[in-house]
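A.B. asks:
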């Protein structure tokens with residue numbers, strides 16, 4: 004099974020998973036809540052309906068390996084952008100926001116990474132604000 008379609012290009016499923024792994028690794032640890040959120044997203048969202056779920060570990064490992072490189076974050080964002088058409092870049096940003104909101108805490112590293120993603124994926128600032136507010140509302144707890 005391959006993470007890539009051709010050359011060094013991610014397929015759209017891998018790009019979306021890379022997005023979630025990037026933000027969950029922002030604070031150098033992945034919380035149980037973030038893992039649960041990623042599992043739910045891959046299991047239930049329509050964009051992953053045709054995704055071979057057995058690939059998720061391979062894709063996650065490839066992303067973590069990329070992040071070990073000095074410029075891994077920038078390369079990762081560039082790969083995500085190259086793999087996704089503009090309409091799916093907003094989806095990627097929404098998934099990133101859901102992962103950040105999953106544990107109820109958004110630290111400075113996660114917020115900075117969201118900013119880098121928004122800029123790198125060319126998500127409009129107002130669109131991003133709406134996506135962020137929606138994620139916050141979905142993950143509120145009493």
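Numbering (the working numbering), first residue to last: 4 to 145. Think of the CB as a built atom: it goes at the ideal place given N, C-alpha and C, for glycine as much as any other residue.
(1) Check this for me: beta carbons of residue 37 and residue 102, under 7 Å apart or not?
(2) DSSP three-state label for residue 46, please.
(3) Residue 22 lies in the alpha helix (DSSP H); which residues open and close that run?
(4) For residue 5, which residues from the same chain have a beta carbon less than 7 Å from its beta carbon, with the 5 sequence-adjacent residues on both sides left out?
(5) Just how far apart, CA to CA, sit residue 34 and residue 26?
(6) CB-CB under 6 Å to residue 22, same chain, minus the five flanking residues each way: which ones, in chain order?
C.D. replies: Reading it off the structure:
(1) yes
(2) helix
(3) 15-27
(4) Residue confidence is low: residue 5 scores 46 on pLDDT, short of 50, so the model does not pin down where it sits. Its coordinate-derived value is still stated next. So no residue of the chain qualifies.
(5) 11 Å
(6) 83, 95, 98, 99
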